[in-house]
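In this note's numbering, the protein residues as written are 399 to 582.
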């Protein structure tokens, strides 16, 4: 907690330029202390017809959303710290990263944050066609951002497509009877 909260108090003015803690403490934003997206300029930018047409918000599990998307559809995926919760010895991270590779356009990016300085799954991104770059990390006495809850922020960029999955040879030669008739 000391590494998280002390730098926020020392390095930011909560009542003036830290709306994320201000809202927790005061229960409201002010004209001087609010997120950028609540500014008059941002409101003017997003009030134009079609300004938000390229944005999709999903509230289902990431794997489920990706399973229903067409290939090469996304340019950016924000997954935050969701993979921190995966078992490092399991296949969930590789499965999700494979789906991200399929749904992202070439050059598409994945933004993630982690409680680790170098998350274990960054290596899996790199093994699945992505380059990775640490965009920031927390050091003692400093803030990574105005919330300061994560240890690092990463951007993984799709550099290559994964090969398409093909059926196993034993699946192709299975003896399956022809279906000639169907009745209820």
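All residues carry an ideal CB built from backbone N, CA and C; glycine is no exception. Note that the coordinates shown come from a computational prediction; the quantities given were computed from them, not determined experimentally.
Worksheet item: Helix, strand or coil: which one does DSSP assign to residue 478?
Response: Within the chain shown, numbered from 1, the residue matching residue 478 stands at position 80. Strand, per DSSP.
Item to complete: Say whether the segment 484-502 touches the segment 458-468, bearing in mind that this needs 3 or more beta-carbon pairs closer than 8 Å, one atom from each stretch.
Response: yes
Item to complete: Report the three-state DSSP secondary structure of residue 422 (helix, strand or coil).
Response: Translated into the one-based positions of the chain shown, residue 422 becomes position 24. If DSSP states are grouped into helix, strand and coil, residue 422 belongs with the helices.
Practice prompt. Determine the burial state of residue 427: buried for a count of at least 16 other Cβ atoms within 10 Å of its Cβ, exposed for fewer.
Written response: What you label residue 427 is simply residue 29 of the chain shown in a count that begins at 1. Exposed.
Discussion item. Using 7 Å as the threshold, is the C-beta distance between residue 432 and residue 417 below it?
Written reply: The residue labelled residue 432 in the question sits at position 34 within the chain shown. The residue labelled residue 417 in the question sits at position 19 within the chain shown. Yes; because the gap between Cβ atoms is below 7 Å, this pair is in contact.
Item to complete: Within 10 angstroms of the Cβ of residue 440, are there 16 or more other Cβ atoms? Answer buried if so, exposed if not.
Response: As a first step, residue 440 is located in the chain shown; it is residue number 42 there, counting from the start. Looking at its Cβ environment, which holds fewer than 16 other Cβ atoms inside 10 Å, residue 440 is exposed.
Worksheet item: Can you pull the DSSP bridge partners for residue 528?
Response: Walking along the chain shown from the start, residue 528 turns up at place 130. Per DSSP, 556.
Practice prompt. Could you check how far apart the C-beta atoms of residue 496 and residue 526 are, in whole angstroms? I think they sit under 8 Å.
Written response: Translated into positions along the chain shown, residue 496 becomes position 98. Translated into positions along the chain shown, residue 526 becomes position 128. 6 Å between Cβ atoms; contact.
Worksheet item: Going by other Cβ atoms of all chains shown within 10 Å of its Cβ, with 16 needed for buried, is residue 561 buried or exposed?
Response: Position 163 of the chain shown, counting from 1, holds the residue named residue 561. With fewer than 16 Cβ atoms within 10 Å of its Cβ, residue 561 is classed as exposed.
Practice prompt. Pull up the CB-CB distance for residue 548 and residue 479, whole angstroms please, since I reckon it's below 8 Å.
Written response: Here residue 548 is taken as the residue at index 150 of the chain shown, counted from 1. Here residue 479 is taken as the residue at index 81 of the chain shown, counted from 1. That belief holds up - the Cβ atoms of residue 548 and residue 479 are roughly 7 Å apart, short of 8 Å.
Fill in: Proximity of residue 481 and residue 419 at Cβ, strictly below 7 Å
Residue numbering aside, residue 481 sits at position 83 when the chain shown is read from its first letter. Residue numbering aside, residue 419 sits at position 21 when the chain shown is read from its first letter. No, the pair does not count as a contact, with Cβ atoms beyond the cut-off.
Worksheet item: Do the CB positions of residue 506 and residue 472 come within less than 7 Å of each other?
Response: What you label residue 506 is simply residue 108 of the chain shown in a count that begins at 1. What you label residue 472 is simply residue 74 of the chain shown in a count that begins at 1. The answer is yes: Cβ separation under 7 Å.
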